[in-house]
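One structure is given below, encoded as C-alpha cells.
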Amino acid sequence: MSGLPEFYYDAIKQGQYFRKIAYMHAKYGPVVRIGSDEIHVNDPKCIQDIYAGPGKVRDKYNFYTQQFGIPEASLTTPSHGLHRVRRAAIAPFFSKRSVSSLEPVIVGLAEQLYLRLNSYAGTDQPVVLNDAFSCFATDVIMEYSFARSYGFLQNADFLPNLRNCLQGLMISVHYVKHFPWVLNIMDILPMLFYSLILFAQDIKIQVNELWTGQNTNFKTKDHPTIFHALLNANAPASEKHPDRLWQEGFLVIGAGTETTAWILTTTMYYLIANPCAYNKLKQELLTEFPNISATPTIAVVDRLPFLISTAEGLRLGVGVSSRLQRISPTHPIRVGDWTVPPGTPVGMSSILVHHNHQLFYKPYEFIPERWIENPKLDDYLLSFSKGSRQCAGITLAYTELRLVLATLIRRLDFTLFKTTVEDVALEHDLVTANAGLGSKGVRVLVK
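In terms of my numbering, the sequence shown opens at residue 1 and continues consecutively.
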C-alpha cells in the first residue's frame, strides 16, 4: 500500500484520513495496514503493549516526526535513547513542583481572563471562546518559557492571537510529511506562510537574546523557565546550542497553546450546553470557595471530583487527533492475535479509542459522571498519549484547565450564541482536532 491515499485524504482533503482508517477497521478488523510499512490498531487492550512505559524501548516514526521541521525538539526525536536525554533536560520544567511554582502566574492570568470576559456581561456582544482561551494559553506558556508575555489577553476582542497562525501550520504539515523539501521553500513564499515565519523568527530572536546575554530575565525569575531546564541540564554542549533551544521553545509554544485552548473551548461548550452539569460544577466550586473573590488553588482543584470529571471535555475534544506510532527496534509487539515485527511502526488514534462504545457508553454524549463511576477510564484517555513518551506538559495542561474553570464558572454564567455542537465536533485531523474550517468558533454571551 502506497502513501498516496494518506496524502490525498490528509493533504488534499485537509485531515480526512482518520475517516478512511475507521472505515478500514470496520471492514477488516482491529489491525490494519494503512501505509507502505505502518500498522494501525483499534483495540484499547493494546495500549500498554504499544506505548510501553519505562524499561521498554520505543522509537518514533521519522515519517511522522519530520513533518514539524524541528528535529532537535524532544517530542520529535525518533531515537529512544536521544529522547531520554532530551526528556531528562525538560522534566524539571514540567514537574509538578515547577508547575506549582507557576501557580501565581496561572491564577493571575485566569483572573485577567475573568475580568476581560466580565466586561462583556450584559452587553449582548458575543465572545469567541476559542480566541479568549488562545490568548490565555499563549500568555501562560510565553511567561513560563521565555520570562516574557505577548500580553494577548489585553487585546481588543482577543485579537490578534496565534490561533490562525498555528492552524495554518497544522494544515501545512500534511504536505511537509510527504514532501519535506516544502520546508526549504517556505521562506520564499512569505504570503502563504507569513504568520508562521514571523512566529518562528520571534522565537529565534528571543533565544538569541538569551544566548548572547541581552535578556537575562530568565535567570532571576521566581519560577522556572524552559531555559533554566535546558541550560542547567546535565547534558552535552551539543544539547544547549541555539538551534536546539529555539526548536524546543517552538515546540513548547506550539503544543502548549492551541491544544490547551481547544480543550478549554470544547469543555466550556459542553458545560454550557448541559446546564445540569454546569450547575453541578458551579455548586461544587461554590461549596469549596464560598467567597466569590477567593483565589482557587492547585491543591484544592486537584481533589474536586466533579471538576476532575470534566476530563470528559478532554475525551470529546480529543486533543492530539493524529495517530501516534511507536517502533520497537529489537523486539516484536503483540497486538491481539497479531505479532508486529521489530522495526515496524504501529500506532493507535485517540479519535477511535475515545469513541469506543464498549468503553464509553453513549460515546458522543457529555457525561462527566462516567469518570467518577469508573476512574480506570483514565487508562484509555489518549489525549496526551501514553507510556514513556507521553506529553511532558500533561500536569501543566490539567492545571490550566482546572484553574480556569474554577475561576470562571463560580463567577459567571454564559449562553451560547449561534453555536452548535458542529463548532466543536472533529471535522479535520490537523495533528490536533479541528472543527470545520468554516466554523466561527464557540461564541457565547456573558450574563
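Note that the Cβ used here is the ideal one computed from N, Cα and C, for glycine as well.
Round the Cβ separation of residue i and residue j to the nearest angstrom and send it over; I've been treating them as touching at under 8 Å.
i: R410; j: V128; result: The pair is not a contact, with the Cβ atoms about 22 Å apart (cut-off 8 Å).
i: D423; j: G441; result: 6 Å
i: F384; j: A229; result: The pair is not a contact, with the Cβ atoms about 19 Å apart (cut-off 8 Å).
i: L117; j: V446; result: 6 Å
i: E284; j: L316; result: Rounded, the Cβ-Cβ distance is 20 Å, inconsistent with contact.
i: L153; j: T267; result: In fact, because the Cβ distance is near 19 Å, the residues do not count as touching under 8 Å.
i: P290; j: T407; result: Actually they do not touch by this definition, with Cβ atoms about 15 Å apart.
i: Y270; j: G313; result: 5 Å
i: I372; j: S309; result: 5 Å
i: H57; j: P329; result: Looking at the sequence shown, residue 57 is not His but Val. Right, their Cβ atoms sit about 6 Å apart.
So, with DSSP's three-state summary, where would you put residue i?
i: Q16; result: coil
i: T395; result: helix
i: R443; result: strand
i: A89; result: helix
i: A433; result: strand
i: D10; result: helix
i: L416; result: strand
i: G387; result: helix
i: Q201; result: helix
i: F325; result: Inspection of the sequence shows that residue 325 is occupied by Gln rather than by Phe. Three-state result, Q325: strand.
i: R33; result: strand
i: V318; result: coil
i: H428; result: strand
i: D243; result: helix
i: D379; result: helix
i: D302; result: coil
i: W262; result: helix
i: W181; result: coil
i: K280; result: helix
i: L307; result: helix
i: T267; result: helix
i: T225; result: coil
i: Q214; result: coil
i: L167; result: According to the sequence shown, residue 167 is Gln rather than Leu. Looking at Q167 - three-state DSSP - the assignment turns out to be helix.
i: P78; result: coil
i: L286; result: helix
i: G3; result: coil
In chain order, what residues of the same chain have a beta carbon less than 7 Å from the beta carbon of residue i, not counting five sequence neighbours either side?
i: I141; result: V252, I253, G256 and T257
i: S322; result: D429 and V431
i: E288; result: V300 and L304
i: S79; result: D59
i: V173; result: Q67, F68 and V431
i: L286; result: R410
i: A200; result: F250
i: G436; result: E422 and E427
i: S350; result: V318, G319, V320, S321, L382 and S383
i: I106; result: V140, T399, E400 and L403
i: K96; result: T395
Check the Cβ-Cβ distances between residue i and every residue of chain B, and say whether any is below 8 Å.
i: Y23; result: No chain B is part of this structure, which consists of one protein chain only.
According to DSSP, residue i sits in a beta bridge with which residue or residues?
i: W338; result: V335
i: I39; result: R33 and V346
i: V127; result: V444
i: D59; result: I327
Would a C-beta distance cut-off of 8 Å place residue i and residue j closer than the cut-off?
i: L359; j: Y380; result: yes
i: V176; j: L183; result: yes
i: H354; j: V318; result: yes
i: T259; j: V335; result: no
i: A261; j: F366; result: no
i: I39; j: P345; result: yes
i: A277; j: P368; result: yes
i: A233; j: A392; result: no
i: L382; j: M348; result: yes
i: D139; j: L109; result: yes
i: S100; j: I298; result: yes
i: N356; j: P363; result: yes
i: P30; j: D43; result: yes
i: G343; j: A52; result: no
i: N164; j: C135; result: no
Given residue i, which residues of its chain have a CB within under 8 Å of its CB, disregarding the five upstream and five downstream residues?
i: V207; result: P242, L245, W246 and G249
i: T77; result: K60, T65, P71, H83 and R86
i: L159; result: D131
i: T265; result: L129, N130, F133, G317, V424, G441 and V442
Between residue i and the rest of its own chain, which residues show a CB-CB distance below 6 Å, the 5 nearest in sequence each way excluded?
i: E239; result: none
i: G434; result: Checking the sequence shown, residue 434 turns out to be Asn, not Gly. Cβ within range, chain order: H428.
i: Q14; result: H428
i: S439; result: D423
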